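Heads up: the sequence shown is residues 544 to 613, going by the numbering used here. For glycine and all other residues, C-beta sits at the position ideal for the given N, C-alpha and C. Because the structure is a prediction, the values reported are computed rather than measured.
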Amino acid sequence: MAEECKVVNYKSNEVLISGSKNFSINSKIYDSNGKRIGKIIRVLGNVDNPYALAILEKPSNEVSLKAVFL
């Protein structure tokens with residue numbers, strides 16, 4: 544795993560994450576077990592502290608969002 548990110552908020556199959564300056568569109572995100580759970584679809588905010596909006600492959604109630612990794 545490259546980098547741990549913080550889950551700021553989630554709803555249905557979307558999750559807002561922060562904690563990296565290396566967000567890029569279509570980057571895959573992984574759970575703590577290394578399983579792919581989704582991909583980044585939008586980068587928001589300023590350059591020094593960006594947020595990323597990711598779409599999950601399964602609804603958020605079926606995915607562990609305790610830790611998300613790039």
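What number of angstroms, rounded off, separates the C-alpha of residue i from the C-alpha of residue j?
i      : j      : result
SER575 : ILE583 : 17 Å
TYR594 : LEU559 : 7 Å
ILE572 : ASP591 : 21 Å
On a Cα-Cα basis, can you pick out the residue from the options that is closest to residue i?
i      : options                        : result
PRO602 : SER555, VAL586, ILE568, GLY588 : SER555
SER570 : VAL551, VAL550, LEU596, VAL590 : LEU596
ASN565 : TYR553, ILE580, GLU547         : GLU547
GLY588 : SER563, GLU557, GLU605, ALA545 : SER563
Where does the unbroken beta strand (DSSP E) through residue i begin, and where does it stop?
i      : result
GLY577 : Neither: GLY577 is in no beta strand (DSSP E) and is coded neither H nor E.
ILE560 : 557–561
LEU599 : 594–599
Below 8 Å on the Cβ atoms is my contact criterion, and I expect residue i with residue j to pass it. Report the Cβ-Cβ distance as a whole number of Å.
i      : j      : result
SER567 : VAL551 : Between VAL551 and SER567 the Cβ distance is about 18 Å, and since that is not below 8 Å, they are no contact.
GLU557 : LEU608 : Wrong, their Cβ atoms sit about 11 Å apart, outside the cutoff.
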